[in-house]
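Read through the structure below, which is laid out as C-alpha coordinates, and then see the notes.
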Amino acid sequence: MPDPNSWPAPWSTLAGRITPRLQIFWTYTQLAQDLSGQADAERRKLFQSLIGYMGLPKGAISFWPCTVWNGSAFESRPEVFWQGVKAYGVKFVACFGDDTRAVIAPGASANAASAHVDNVQLVMLQDPDFLKILPQEEQQLLCISLLRLPLF
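In terms of the working numbering, the sequence shown is residues 100 to 251.
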(Lines of atoms letter the chains of each structure in order from A and count residues from 1; the text may use other names and numbers.)
(Lines give C-alpha, C1' and ligand atoms only; values in the text may rest on other atoms or scores of the structure.)
Protein backbone atom coordinates (compact mmCIF):
# COMPACT_ATOMS: atom_id res chain seq x y z
CA MET A 1 0.00 0.00 0.00
CA PRO A 2 1.39 3.41 -0.94
CA ASP A 3 2.14 5.93 1.79
CA PRO A 4 -0.96 8.17 2.11
CA ASN A 5 1.31 11.19 2.41
CA SER A 6 2.78 10.47 -1.02
CA TRP A 7 -0.44 11.78 -2.62
CA PRO A 8 -1.34 15.45 -3.07
CA ALA A 9 -4.50 16.79 -1.44
CA PRO A 10 -7.32 15.75 -1.53
CA TRP A 11 -6.08 12.24 -2.43
CA SER A 12 -3.86 12.03 0.65
CA THR A 13 -6.90 12.23 2.95
CA LEU A 14 -8.64 9.39 1.14
CA ALA A 15 -5.50 7.28 0.79
CA GLY A 16 -5.24 7.09 4.57
CA ARG A 17 -8.63 5.34 4.67
CA ILE A 18 -7.98 2.72 1.99
CA THR A 19 -7.97 -0.85 3.28
CA PRO A 20 -6.66 -4.10 1.77
CA ARG A 21 -10.33 -4.96 1.09
CA LEU A 22 -10.56 -2.27 -1.61
CA GLN A 23 -12.32 -3.59 -4.73
CA ILE A 24 -13.67 -0.53 -6.53
CA PHE A 25 -13.10 3.20 -6.77
CA TRP A 26 -16.11 5.49 -7.14
CA THR A 27 -15.46 8.82 -8.80
CA TYR A 28 -17.42 11.83 -9.94
CA THR A 29 -16.38 15.31 -11.00
CA GLN A 30 -17.89 17.02 -7.93
CA LEU A 31 -16.05 14.73 -5.47
CA ALA A 32 -13.20 17.25 -5.14
CA GLN A 33 -15.71 19.93 -4.13
CA ASP A 34 -17.38 17.55 -1.66
CA LEU A 35 -13.97 16.91 -0.08
CA SER A 36 -13.14 20.62 0.15
CA GLY A 37 -15.57 21.38 2.97
CA GLN A 38 -18.29 22.39 0.53
CA ALA A 39 -20.01 18.99 0.50
CA ASP A 40 -23.45 18.57 -1.00
CA ALA A 41 -25.67 16.87 1.59
CA GLU A 42 -27.93 15.31 -1.05
CA ARG A 43 -24.96 13.74 -2.86
CA ARG A 44 -23.70 12.37 0.46
CA LYS A 45 -27.13 10.87 1.14
CA LEU A 46 -27.21 9.36 -2.38
CA PHE A 47 -23.84 7.66 -1.99
CA GLN A 48 -24.58 6.39 1.52
CA SER A 49 -27.76 4.84 0.15
CA LEU A 50 -26.01 3.25 -2.84
CA ILE A 51 -23.22 1.85 -0.67
CA GLY A 52 -25.83 0.30 1.62
CA TYR A 53 -27.67 -1.07 -1.43
CA MET A 54 -24.51 -2.83 -2.63
CA GLY A 55 -24.03 -4.53 0.73
CA LEU A 56 -20.27 -4.86 0.41
CA PRO A 57 -17.94 -5.17 3.40
CA LYS A 58 -16.56 -1.96 4.88
CA GLY A 59 -13.51 -0.85 2.93
CA ALA A 60 -14.48 -2.53 -0.38
CA ILE A 61 -15.45 0.84 -1.90
CA SER A 62 -13.32 3.95 -1.81
CA PHE A 63 -13.90 7.32 -3.40
CA TRP A 64 -11.00 8.62 -5.52
CA PRO A 65 -11.25 12.04 -7.21
CA CYS A 66 -10.46 12.76 -10.84
CA THR A 67 -10.48 16.53 -10.31
CA VAL A 68 -9.37 19.15 -7.81
CA TRP A 69 -11.55 22.04 -6.71
CA ASN A 70 -9.81 25.42 -6.69
CA GLY A 71 -12.68 27.19 -4.92
CA SER A 72 -14.50 28.22 -8.07
CA ALA A 73 -13.87 25.57 -10.73
CA PHE A 74 -12.82 21.97 -11.25
CA GLU A 75 -9.39 21.14 -12.61
CA SER A 76 -9.07 17.74 -14.28
CA ARG A 77 -6.37 15.50 -12.84
CA PRO A 78 -6.74 12.18 -14.68
CA GLU A 79 -3.05 11.39 -14.23
CA VAL A 80 -3.35 11.35 -10.42
CA PHE A 81 -6.61 9.40 -10.67
CA TRP A 82 -5.01 6.68 -12.82
CA GLN A 83 -1.86 6.60 -10.66
CA GLY A 84 -4.14 5.69 -7.74
CA VAL A 85 -6.00 3.03 -9.70
CA LYS A 86 -2.67 1.44 -10.60
CA ALA A 87 -1.06 1.87 -7.16
CA TYR A 88 -3.99 0.21 -5.37
CA GLY A 89 -4.59 -2.49 -7.97
CA VAL A 90 -8.20 -1.50 -8.52
CA LYS A 91 -9.89 -3.40 -11.37
CA PHE A 92 -13.26 -1.61 -11.30
CA VAL A 93 -14.27 2.05 -11.34
CA ALA A 94 -17.79 3.42 -10.91
CA CYS A 95 -17.77 6.48 -13.16
CA PHE A 96 -20.65 8.82 -12.30
CA GLY A 97 -21.58 11.24 -15.09
CA ASP A 98 -20.49 12.20 -18.59
CA ASP A 99 -18.21 14.94 -17.27
CA THR A 100 -16.38 12.32 -15.24
CA ARG A 101 -16.12 9.98 -18.24
CA ALA A 102 -14.65 12.87 -20.26
CA VAL A 103 -11.93 13.31 -17.61
CA ILE A 104 -10.91 9.69 -17.00
CA ALA A 105 -11.83 8.01 -20.29
CA PRO A 106 -12.15 10.66 -23.01
CA GLY A 107 -12.02 7.99 -25.71
CA ALA A 108 -15.00 6.04 -24.32
CA SER A 109 -18.33 6.34 -26.06
CA ALA A 110 -20.79 8.65 -24.31
CA ASN A 111 -23.47 5.98 -24.72
CA ALA A 112 -21.47 3.01 -23.45
CA ALA A 113 -22.62 1.18 -20.32
CA SER A 114 -19.02 0.28 -19.60
CA ALA A 115 -15.55 0.75 -21.00
CA HIS A 116 -12.09 -0.67 -20.41
CA VAL A 117 -8.94 1.33 -19.83
CA ASP A 118 -5.92 -0.93 -19.63
CA ASN A 119 -7.24 -3.82 -17.48
CA VAL A 120 -9.73 -1.69 -15.55
CA GLN A 121 -13.48 -1.88 -16.16
CA LEU A 122 -15.31 1.43 -15.94
CA VAL A 123 -19.01 1.21 -15.17
CA MET A 124 -20.72 4.28 -16.61
CA LEU A 125 -23.48 5.68 -14.41
CA GLN A 126 -25.63 8.80 -14.29
CA ASP A 127 -24.33 12.04 -12.81
CA PRO A 128 -24.89 12.18 -9.03
CA ASP A 129 -26.65 15.54 -9.34
CA PHE A 130 -29.23 13.81 -11.57
CA LEU A 131 -29.45 10.67 -9.43
CA LYS A 132 -29.88 12.55 -6.14
CA ILE A 133 -33.25 14.03 -7.18
CA LEU A 134 -34.76 10.63 -8.03
CA PRO A 135 -36.61 8.32 -5.64
CA GLN A 136 -34.32 5.75 -4.00
CA GLU A 137 -35.76 2.86 -6.04
CA GLU A 138 -34.91 4.65 -9.30
CA GLN A 139 -31.40 5.47 -8.06
CA GLN A 140 -30.86 1.78 -7.34
CA LEU A 141 -32.29 0.71 -10.69
CA LEU A 142 -29.98 3.09 -12.57
CA CYS A 143 -26.99 1.71 -10.62
CA ILE A 144 -27.92 -1.98 -10.77
CA SER A 145 -24.91 -2.66 -13.02
CA LEU A 146 -22.74 -2.24 -9.90
CA LEU A 147 -24.33 -5.36 -8.42
CA ARG A 148 -23.25 -7.41 -11.43
CA LEU A 149 -19.53 -6.77 -10.96
CA PRO A 150 -17.46 -9.80 -9.92
CA LEU A 151 -16.22 -8.22 -6.69
CA PHE A 152 -14.59 -10.57 -4.16
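Quick reminder that beta carbons are idealized off the backbone N, C-alpha and C, glycines included.
For Pro107, tell me which candidate among Leu245, Arg120 and Trp163 has the shortest Cα-Cα distance.
Trp163
What do you reckon, are the CB atoms on Leu121 and Phe191 nearer than 8 Å?
no
Closer than 8 Å is the cut-off here; do at least three beta carbon pairs connect the region 217 to 231 with the region 181 to 191?
yes
Between the Cα of Leu233 and the Cα atoms of Leu246, Asn169, Leu149 and Phe124, which residue gives the shortest distance?
Comparing Cα-Cα distances from Leu233 to each of Leu246, Asn169, Leu149 and Phe124, the minimum goes to Leu149.
What is the DSSP secondary structure of Thr166, counted as helix, strand or coil?
strand
Whole-number beta carbon distance between Thr126 and Ile203, since they are thought to touch under 8 Å:
7 Å between Cβ atoms; contact.
So what's Phe146 in DSSP terms, helix, strand or just coil?
DSSP places Phe146 within a helical segment (H, G or I) once states are collapsed to three.
Here's the rule I'm using: 16 or more other beta-carbon atoms within 10 Å means buried, otherwise exposed. How should Gln91 be labelled?
Residue 91 is absent from the structure shown; the chain starts at 100 and stops at 251.
Limits of the alpha helix (DSSP H) - the one that Phe180 falls within
Counting along the chain, the alpha helix (DSSP H) containing Phe180 begins and ends at Pro177 to Ala186.
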